[in-house]
Amino acid sequence: MLIGIVGYPEIDYYYKNINIRGCGKTLTMTYYLFQSHKKEQKTILTNYHTSFSRYMKSMDIVDEIFNGDLTNIAVGFDEFQEVLSSLGENKKKVKFYSKLVNQSRKKSTDIYYCSPLFKDIHNRLREKTNILLNPTKHHYTDFKKCFKDSCPEKHYIKVNMYKPFYKEGMKYLKPEIVGKYYNTFEIINEDDEENELA
Ligand SMILES: [Zn+2]
28 MLIGIVGYPE
38 IDYYYKNINI
48 RGCGKTLTMT
58 YYLFQSHKKE
68 QKTILTNYHT
78 SFSRYMKSMD
88 IVDEIFNGDL
98 TNIAVGFDEF
108 QEVLSSLGEN
118 KKKVKFYSKL
128 VNQSRKKSTD
138 IYYCSPLFKD
148 IHNRLREKTN
158 ILLNPTKHHY
168 TDFKKCFKDS
178 CPEKHYIKVN
188 MYKPFYKEGM
198 KYLKPEIVGK
208 YYNTFEIINE
218 DDEENELA
């Protein structure tokens with residue numbers, strides 16, 4: 028399966044002023060990867076550090092997808108839009124897309140990716156994404172959505188199942204619990220800092 032976790036799932040336009048970076052994407056991905064590790068005994072490969080996965084550099088995971096035969100594995104790509112843009116020439120990108128889709132079709136292989144905007148993911152991969160999740164961050168006190176990066180309030184993450192739309196598939200995650208399994212302050216790419224300051 029190919030599972031996308033995005034801050035903004037529409038592709039035609041987006042609201043520039045909404046902060047979609049801190050909405051719980053990595054947290055959501057970590058939650059699902061942990062379930063997959065615990066319940067299905069899958070080996071987990073991630074381009075960020077967790078307490079239960081094998082950390083690999085993004086390009087090493089890309090190589091693994093190109094050349095390896097992934098079975099009983101779940102992959103978690105954080106900041107996937109950066110990984111895709113660093114693949115370089117278009118020919119390599121197109122090859123990677125079809126390789127990734129092929130690997131994700133295997134019964135025992137799941138590939139998760141996070142990206143702030145769904146539109147930053149190439150059309151070919153968007154089409155082949157089986158499940159698209161859209162997490163939002165909320166306050167415990169009034170259930171309102173929160174867009175602040177640093178906010179003293181207590182939050183929970185609401186995971187909306189955007190495609191296929193499935194209301195019962197909604198999940199509520201507690202950051203203080205899932206957050207224990209990974210370093211929430213890790214920066215995958217230096218560009219992220221710039222984006223946050225912009
Ligand atoms: Zn808040």
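This note's numbering applies: residue 28 is where the sequence shown begins, and numbers increase by one. C-beta atoms are modelled at their ideal positions from N, C-alpha and C, and glycine is treated no differently.
Helix, strand or coil at residue i [DSSP, three-state]
i, result
"Phe104", "strand"
"Asp96", "coil"
"Asp137", "strand"
"Ile38", "coil"
"Gly31", "strand"
"Pro202", "helix"
"Ile148", "coil"
"Thr156", "coil"
"His165", "strand"
"Asp219", "Interpretation of Asp219 is limited by its pLDDT of 42, a score under 50 that renders its predicted location unreliable; no figure is taken from the coordinates."
"Lys14", "Lying outside 28 to 225, the shown extent of the chain, residue 14 is not represented and no answer is given."
"Met188", "strand"
"Lys175", "coil"
"Arg132", "helix"
"Leu72", "strand"
"Ser63", "helix"
"Ser113", "coil"
"Tyr227", "The requested residue 227 does not occur in the structure, where the chain is confined to residues 28 to 225."
"Ala225", "Reliability of the predicted coordinates at Ala225 is poor, the pLDDT of 32 falling under 50, and the value obtained from them is presented with this limitation in mind. It is coil, neither helix nor strand."
"Tyr124", "helix"
Nearest neighbour of residue i, chosen from the options [CA to CA]
i, options, result
"Asp87", "Gly31, Leu114, Leu160", "Leu114"
"Gly103", "Phe123, Lys198, Tyr199, Lys52", "Lys52"
"Glu109", "Asn74, Lys194, Ile92, Lys185", "Asn74"
"Met83", "Thr77, Phe93, Ile92, Leu72", "Leu72"
"Cys50", "Val89, Tyr199, Val121", "Tyr199"
"Tyr35", "Ser80, Lys66, Val186", "Val186"
"Ile38", "Cys178, Arg153, His166, Tyr193", "Arg153"
"Ile184", "Glu195, Phe61, Gly206", "Gly206"
Proximity of residue i and residue j at Cβ, strictly below 8 angstroms
i, j, result
"Gly31", "Leu160", "yes"
"Thr55", "Pro191", "no"
"Lys134", "Ala101", "no"
"Gln130", "Ile92", "yes"
"Leu29", "Lys119", "no"
"His182", "Lys164", "yes"
"Thr168", "Thr136", "no"
"Ser78", "Tyr208", "yes"
"Tyr58", "Tyr139", "no"
Test: residue i CB closer than 8 angstroms to a CB of chain B
i, result
"Phe79", "Given the protein chain composition of this structure (a single chain), no chain B is represented."
Beta-carbon separation (whole angstroms), residue i vs residue j, contact threshold 8 angstroms
i, j, result
"Val33", "Phe145", "4 angstroms"
"Pro202", "Arg48", "In fact, because the Cβ distance is near 15 angstroms, the residues do not count as touching under 8 angstroms."
"Pro180", "Cys141", "Reading off the sequence shown, one finds Glu at residue 180, where the question assumed Pro. Contact flag wrong, Cβ pair sits at about 23 angstroms."
"His76", "Asn210", "5 angstroms"
"Arg151", "Tyr124", "5 angstroms"
Residues bridged to residue i [DSSP beta-bridge criterion]
i, result
"Tyr209", "Thr77"
"Tyr183", "His165"
"Ser142", "Val33"
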